[in-house]
Every structure is written in C-alpha cells, then in structure tokens.
Amino acid sequence: MLYFCPPINKIIATVFKIMNKSLFYIKSKIKDSLLSMDYLPRWMVFILDVILTIITSQISYLIVRSLRVKFYDTLDVPTRYGIILLVNIFFFIIFKTYSGIIRHSTFIDGVKLLYATLCTLITLIVINYSCFFITGKKIYLLPSLFINFVITFTALFLFRVFIKIIFENISTIEKKGELLNAVVFGADANAISVVTALQSEKIKRFQIVGFIDKKNIDASKRILNIPILNSKKKVSVVLRSINAQVLIMSDNSLSNIEKINIVEDCLDFNIKVYNSGSITDWENPEAISKKVIEFKIEDLLNRTTISLDQEPISKKLKDNTVLITGAAGSIGSELSRQIMGFKPNKIIILDQAETPLHYLSTELEKLNSETTIITQIGDIRNKTTLKEVFANFKPNVVYHAAAYKHVPMMEENPAQAIFANVLGTINVADLSVEYGVSNFVFISTDKAVNPSNVMGASKRIAEKYIQGLSINAKNDHCDIKFITTRFGNVLGSSGSVVPLFTEQIQNGGPVTITHPEVIRYFMTIPEACQLVLEAGAMGKGGEIFIFDMGAPVKIIDLARKMIRLAGLVPERDIKIETIGLRPGEKLYEELLNDNSTTVPTHNSKIMIAKDSCLNHDELFTQIEELIAIANHNNKIELVAKMKDLVPEFVSMNSDFDQLDK
5 MLYFCPPINK IIATVFKIMN KSLFYIKSKI KDSLLSMDYL PRWMVFILDV ILTIITSQIS
65 YLIVRSLRVK FYDTLDVPTR YGIILLVNIF FFIIFKTYSG IIRHSTFIDG VKLLYATLCT
125 LITLIVINYS CFFITGKKIY LLPSLFINFV ITFTALFLFR VFIKIIFENI STIEKKGELL
185 NAVVFGADAN AISVVTALQS EKIKRFQIVG FIDKKNIDAS KRILNIPILN SKKKVSVVLR
245 SINAQVLIMS DNSLSNIEKI NIVEDCLDFN IKVYNSGSIT DWENPEAISK KVIEFKIEDL
305 LNRTTISLDQ EPISKKLKDN TVLITGAAGS IGSELSRQIM GFKPNKIIIL DQAETPLHYL
365 STELEKLNSE TTIITQIGDI RNKTTLKEVF ANFKPNVVYH AAAYKHVPMM EENPAQAIFA
425 NVLGTINVAD LSVEYGVSNF VFISTDKAVN PSNVMGASKR IAEKYIQGLS INAKNDHCDI
485 KFITTRFGNV LGSSGSVVPL FTEQIQNGGP VTITHPEVIR YFMTIPEACQ LVLEAGAMGK
545 GGEIFIFDMG APVKIIDLAR KMIRLAGLVP ERDIKIETIG LRPGEKLYEE LLNDNSTTVP
605 THNSKIMIAK DSCLNHDELF TQIEELIAIA NHNNKIELVA KMKDLVPEFV SMNSDFDQLD
665 K
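Using the working numbering, you'd call the opening residue of the sequence shown number 5 and step up by one each time.
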C-alpha cells in the first residue's frame with residue numbers, strides 16, 4: 005500500500021532524518037555541556053553527597069532488618085538515621101570532601117572521604133556508648149554502624165570515580181587520533197601524579213603509553229593499567245619501538261649527566277622531551293600538568309646545583325634597606341626576587357624603563373608582605389635624581405646592575421656607553437660613599453677582560469673606578485665595601501642569543517650565527533644572581549669576584565640543540581646561516597686579563613681576580629677627561645682615550661681598529 009503512496013514514503017523518510025538529526029544534536033549538546041563544565045559547584049557536590057548518604061543509610065537499614073535482628077527502641081528510625089546524617093554532614097564540612105574538582109579526583113580525595121566516614125563511625129560509636137552509660141540502652145547496633153560506614157564510603161567514592169570516567173571518556177572521544185603518544189621516565193609517586201594530572205587535563209596533550217623505570221626491567225608489570233617498558237634498551241629505541249613521539253622526564257633520582265644523556269639520545273631521533281619537575285602540591289592536578297613543559301636549553305648545560313651560604317647573606321640584607329639599579333633588567337629583576345627572600349626592611353627598585361618596573365613591583369608585592377617595595381623611575385646618569393633617592397631612603401646596601409650591554413649598539417654609540425656605564429657608575433658609587441652605604445656591589449661582565457669592544461672597555465673603566473674608590477675608602481677609614489662581580493652570558497636575558505634563536509626557530513628559520521667557531525660561557529640568571537649575593541656577602545672590599553662558568557659552549561652547538569628541542573631537524577627543517585662576526589665581537593670570551601691571577605674562596609664557584617690598578621688619583625683625572633670628550637661626541641678621540649685608560653683594549657671587526665695600528 006505504501007508503494008502506491010509515494011508522498012507517505014517521503015514523509016516517513018523525512019521524519020526519520022529529523023529524528024536522527026535531533027538525537028545527534030541532543031547527544032552533541034550534552035557532550036558539549038559536559039565538556040564546557042569545568043567543575044560541579046561545591047554546593048551541588050555537597051547536596052549530592054548528602055543525598056547519597058540518605059540513600060546508603062536506607063540501604064544499610066534494609067540490609068540489617070533483613071537479618072531479622074532486633075533494633076534498639078531508644079529512638080525512632082527517622083531520628084536514629086537523622087543523627088547519622090547530621091554527623092556525616094559535620095565531617096563533610098570539617099574535611100571539605102566537597103571542595104575537590106570531581107573530574108580531577110585523586111588519591112587525596114579518596115583519603116578525605118575515608119577520614120570523614122571513619123570519623124563519623126567513631127563519633128557514632130562514642131554517642132552509642134555514651135547513651136548506654138547514661139540510660140542503660142544503646143541507640144545503634146554495632147554491625148549496623150559498620151555496614152553503614154562501608155556502604156556510605158563505597159558509594160561516595162564510586163560516585164567520584166563514575167563522574168571522573170565519564171568526563172575522561174567524553175573528552176577523548178574525538179581527540180585520540182590527535183594526541184601525542186608519550187612515555188614517562190620514572191615510576192615513583194612523582195611520575196604517577198604527573199600521569200594522573202595529564203589524564204585529567206581538560207584539553208589533553210598526550211596519550212600515555214608506558215612508563216620506564218630504571219630500577220625495574222620486568223615488562224609484565226603495569227601502573228594505572230599502563231605498561232612498564234623494558235629499561236635494558238636505550239630510551240630512544242624503546243620509544244621508537246612503540247611509536248611514541250614524546251618522553252616526559254619525571255624521575256628526580258637521575259643525576260644531571262644521566263638526564264642529559266637520555267635527552268640528547270632522544271633529540272637525535274627527533275623525539276620531543278618534556279620535564280615535569282618535582283611535585284609539591286599533590287592535590288592540584290591542574291598545577292601539576294602545568295609543570296609538564298618542554299625541556300629548556302639551560303637544562304642541557306650540565307650546571308651543578310649551587311649551595312649558598314645563607315647566614316652571611318641574611319646578615320647583610322635582613323631588616324636593611326637595599327637599592328637595586330637596573331632593577332627592571334634580567335639580572336636586576338632576579339636579584340630583586342632573591343633578595344626579597346632575605347626579608348629586607350625596604351627594597352628600592354630603580355630603573356628608567358617604566359612598564360617592566362611596574363610589572364616587577366606588582367610581582368614583588370605578592371612575594372613578601374613584610375618588605376616595603378619602593379619603586380623609583382630614574383636614570384643613573386642624572387645625579388640629581390639619584391641624590392633624592394639616597395637622601396629620602398638612605399640605603400644600606402646597593403646592587404648596581406644598570407648598564408648598556410649590547411656590543412654592536414655601543415660600538416655605534418661610544419659616548420652613550422661612557423655616560424651609562426662609566427658616569428652612571430660614578431654617580432651611584434659616589435653617592436654610596438656620601439650617604440654611608442655599607443656594601444656596594446657592582447655587576448660587571450667578562451667582556452671587560454681584554455676588551456675588544458667599546459661596551460667591554462667601558463665596563464673595565466667602571467671596574468677601575470670602583471677599585472680606586474675602594475682604596476680611597478680604606479685610606480679614609482670609611483666603612484663602605486666596594487665589591488665587583490664579573491661573569492659571562494646569562495641564558496634568557498633580554499637581547500641574548502637564546503631568545504633570538506627561539507624567535508628565529510618559531511618563525512621557521514634560518515637561525516643565524518656569527519661564526520661557526522664562536523664559543524661563550526653561559527650560566528642561568530638565577531645562578532648568576534645567587535653568586536652575586538654570596539660574593540657581596542663575603543667581600544672585604546676592593547675585590548673582583550669571578551664565577552666558575554663551567555665548560556664553554558659552541559654557539560653553533562647551542563643552535564642545533566635548540567632546534568632539536570623544538571622537535572625539528574637542523575639543516576632540514578631549520579637552516580643555520582653564518583653572517584659573520586659583528587663589530588667588537590671576538591671568537592671567545594675570557595674571565596681574566598693576561599696579567600691577572602686568581603685566589604680561591606670557600607665557595608668553589610667563586611674566585612677573586614688579582615688585577616693591577618692605576619694610581620687612583622691619576623685614574624680619576626683621566627676619567628674626568630674621558631667624560632668631557634664624551635660630551636663633545638667625538639667618537640675617534642673618545643675611543644682613543646678609552647684605549648689609553650685600558651691598554652689591553654684592542655678593537656675587533658670595528659672601525660676603531662685603526663687606532664691600534
């Protein structure tokens with residue numbers, strides 16, 4: 005009959021299509037709503053827990069009643085179970101069982117539930133026997149309380165497991181093909197927490213396909229239903245055998261050398277490496293997953309951990325007023341953060357860069373409420389502005405980090421190098437003497453050693469001025485201690501090679517190096533600042549402290565490692581181009597002048613350089629002449645005068661090399 009009614013066929017087919025589309029729409033809406041829901045509100049979790057407790061109380065009552073035992077008639081049934089409910093609610097609030105995000109529930113949440121329900125059981129037993137001692141009758145049968153405890157805990161726990169599984173399954177329905185297969189190196193509590201956190205990410209990044217445990221080669225064992233892979237073979241071989249693209253380092257027992265060997269092995273086969281660090285906040289999966297970040301180039305430098313002597317640093321800084329010039333820069337800002345940990349009374353952060361200084365001030369205010377943060381916009385070249393700062397706040401300790409540091413730029417603008425690096429240092433140092441500062445720490449550079457450029461020479465002149473002032477202070481029995489610290493390149497500082505390479509890699513290359521044989525010493529910014537603080541504390545006055553920079557690094561090797569860390573192949577995905585040495589640049593840096601010697605200190609990473617110094621009265625006169633020439637901005641005359649002051653200054657790849665002939 006339907007055959008003879010084509011319109012009815014079409015109507016039925018249309019209805020089915022509409023129904024299918026509607027069902028698909030409803031299903032997708034439910035899925036989207038679940039995915040968009042970050043977490044159930046606390047009040048909703050609390051109400052659901054209360055409802056479950058009411059249900060489990062009813063179930064336990066029915067179970068006990070089915071055993072045909074006689075209940076106590078001290079109280080009626082609603083009152084008895086009302087007390088159970090109220091005690092449960094009390095301990096829910098005490099242990100905040102409702103405060104966790106259910107979709108991110110962890111072992112800690114289960115423990116909280118166990119504590120809450122166990123405390124409820126103990127409290128009810130106490131109430132039961134208290135009633136017995138008072139009235140001679142009990143309220144509850146002990147088996148009834150135990151059954152209620154087991155059922156309530158199981159129901160609350162399974163409720164969280166159920167919600168967690170639903171969210172995990174829904175969030176991976178369409179993402180499985182897009183996730184990167186990852187293996188976690190480590191199988192301890194740290195590694196398990198990392199995997200649990202990664203599996204609960206709202207936007208997943210990895211599909212965890214295995215653990216590698218260096219202590220266990222039994223591949224039959226599993227953790228979180230994830231296999232432990234054979235650790236006899238090289239890590240890269242294991243990962244390639246199961247088509248894993250990512251290694252997550254989460255074994256804190258590995259030495260630096262072991263970790264670097266594993267990472268470099270993986271990088272050779274284009275396997276991306278992530279680092280999880282050490283877990284401290286076990287209850288926060290989101291914070292744990294945020295710690296899983298790509299391996300950084302500084303992690304491959306094999307720098308040993310620095311052990312600071314905290315006591316002398318604390319004596320210098322605690323309850324004192326500290327001034328930091330150039331505070332918005334890479335070194336100045338990290339110095340500010342570390343100094344805050346020693347709880348000075350006031351910290352004065354001074355810089356001419358308004359926005360970075362504002363950000364630093366906001367950051368420091370969150371670190372330590374006991375220290376007063378004083379933010380000062382000012383230029384060290386302006387002595388009047390600086391004098392107001394010293395007069396108003398009277399600092400006890402000064403860290404002078406403000407400087408112009410870019411070699412090619414200073415080669416083009418030698419007068420500005422003199423104004424900032426020499427005159428600025430003179431202003432800060434002279435005012436430190438005038439206002440009775442106890443410690444003055446000057447941040448210098450390895451480019452001041454046998455300088456080949458204007459920037460390095462300007463810093464060497466500033467070093468000499470500080471040495472001269474120190475001699476004067478000792479002759480005048482002045483208490484101020486002038487200390488100079490000298491180190492090489494710091495990774496990640498503004499304008500340094502690492503941020504440049506990072507940007508070039510992100511833009512698809514090429515990565516540019518000046519010369520394939522260029523080598524540099526590197527240390528991290530926090531490491532450099534730690535050594536500055538310790539050198540400042542141990543200094544007696546007049547020393548130039550140099551830091552153990554470790555083994556020098558070839559810049560071309562650094563470029564290749566950074567490309568591989570980005571998951572790319574050097575020369576195939578990212579080209580490396582040589583553009584030639586820049587003006588004033590040399591192939592390698594030094595930490596000592598040709599005629600210098602070193603004296604060790606109690607810290608093996610800090611040495612004292614013994615440099616010769618001019619007669620300080622003659623030196624001051626020549627520096628005054630240098631500044632006068634800078635005011636006329638005659639470049640040739642100015643650089644010639646710098647070479648008189650610093651005889652070892654020999655220009656390289658610069659127009660000023662004519663002055664050396």
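For each residue, glycine too, the CB sits at the ideal point set by N, CA and C. Bear in mind that the values here come from a model prediction, so they are computed numbers and not experimental data.
Is it buried or exposed for residue i, if we count other Cβ within 10 angstroms and need 16 for buried?
| i | result |
| --- | --- |
| Pro147 | exposed |
| Lys319 | exposed |
| Gly584 | exposed |
| Pro455 | buried |
| Ser655 | buried |
| Val401 | buried |
| Glu538 | buried |
| His606 | exposed |
| Ala291 | exposed |
| Gln211 | buried |
| Ile415 | Going by the sequence as given, residue 415 is Glu instead of Ile. With 16 or more other Cβ atoms within 10 Å, it is buried. |
| Asn396 | exposed |
| Pro2 | Residue 2 lies beyond the stretch modelled for the chain, which goes from 5 to 665, so this question has no answer here. |
| Ala632 | exposed |
| Glu438 | exposed |
Could you tell me the alpha carbon to alpha carbon distance between residue i and residue j, rounded to whole angstroms?
| i | j | result |
| --- | --- | --- |
| Ser134 | Trp47 | 33 angstroms |
| Gln471 | Glu547 | 8 angstroms |
| Ile30 | Thr359 | Low local confidence applies: a pLDDT of 45 at Ile30 is under 50, so the model's placement there is unreliable, and no value is given. |
| Ile87 | Asp113 | 24 angstroms |
| Leu118 | Glu315 | 44 angstroms |
| Asp80 | Phe166 | 35 angstroms |
| Met542 | Met611 | 11 angstroms |
| Tyr469 | Ser334 | 24 angstroms |
| Leu145 | Thr200 | 40 angstroms |
| Asn657 | Asn493 | 20 angstroms |
| Ile58 | Arg209 | 40 angstroms |
| Lys409 | Thr329 | 14 angstroms |
| Phe136 | Ile143 | 8 angstroms |
| Ser68 | Phe153 | The residue asked about is misnamed: residue 68 is Val in this sequence, not Ser. In a straight line, the C-alpha of Val68 is about 13 angstroms away from that of Phe153. |
| Leu535 | Phe394 | 26 angstroms |
| Gln62 | Phe75 | 14 angstroms |
| Pro651 | Lys295 | 50 angstroms |
| Leu228 | Ala186 | 15 angstroms |
Comparing the CB of residue i with every heavy atom of the ligand GTP, is any distance shorter than 6 angstroms?
| i | result |
| --- | --- |
| Lys468 | This structure lacks the ligand GTP; in fact it carries no ligand of any kind. |
Can you pull the DSSP bridge partners for residue i?
| i | result |
| --- | --- |
| Lys276 | Val250 |
| Leu354 | Thr329 and Gln380 |
| Gln211 | Asn185 |
| Glu581 | Thr516 |
| Arg586 | Beta-bridge pairing links Arg586 to no other residue. |
| Ile487 | Val445 |
| Phe526 | Asn493 |
| Tyr144 | Answer by DSSP bridge pairing: none, since Tyr144 is not bridged. |
| Ile550 | Arg490 and Met611 |
| Val401 | Val326 and Asn443 |
Select from the options the residue whose C-alpha is nearest the C-alpha of residue i.
| i | options | result |
| --- | --- | --- |
| Asn425 | Val557, Val522, Glu467 and Leu495 | Glu467 |
| Ser517 | Ile578, Ile169, Glu538 and Pro316 | The residue you asked about is not Ser; residue 517 is Ile in the sequence shown. For the residues Ile578, Ile169, Glu538 and Pro316, the minimum Cα distance to Ile517 belongs to Ile578. |
| Asn260 | Asn274, Ser245, Asn279 and Pro574 | Asn279 |
| Ala159 | Met344, Pro455, Ser448 and Val54 | Val54 |
| Ala698 | Lys609, Leu361 and Leu537 | Outside the displayed span of the chain (5 to 665) sits residue 698, for which this structure offers no information. |
| Ser337 | Ile509, Ile351 and Lys347 | Ile351 |
| Arg568 | Phe273, Val603, Ala644 and His404 | Phe273 |
| Arg464 | Lys478, His481, Asp480 and Phe446 | Phe446 |
| Asp661 | Glu589, Pro82 and Asn443 | Glu589 |
| Ile526 | Cys533, Gly540, Pro556 and Lys544 | Per the sequence shown, residue 526 should be read as Phe rather than Ile. Looking at the Cα atoms, Pro556 is the closest of the given residues. |
| Lys218 | Asn638, Arg209, Thr449 and Asn234 | Asn234 |
| Lys639 | Thr489, Val458 and Ser474 | Val458 |
| Met413 | Thr127, Arg586, Ile560 and Ile550 | Arg586 |
| Ala406 | Thr389, Asn396 and Arg385 | Arg385 |
| Thr506 | Phe491, Ile93 and Ala570 | Ala570 |
| Lys565 | Cys533, Ile232, Asn431 and Ile301 | Ile301 |
| Lys558 | Ile523, Asn396, Ser103 and Phe551 | Ile523 |
| Phe163 | Arg490, Asn185 and Ile51 | Ile51 |
Mind checking if residue i is an interface residue toward chain D, Cβ cutoff 7 angstroms exclusive?
| i | result |
| --- | --- |
| Leu368 | Any reference to chain D falls outside this structure, which holds one protein chain only. |
Using 8 angstroms for Cβ pairs, my map puts residue i next to residue j. What's the rounded Cβ distance?
| i | j | result |
| --- | --- | --- |
| Glu581 | Pro520 | Not quite, the Cβ-Cβ distance comes to about 11 angstroms (not below 8 angstroms), so this is no contact. |
| Leu473 | Ala433 | 6 angstroms |
| Lys398 | Thr325 | 6 angstroms |
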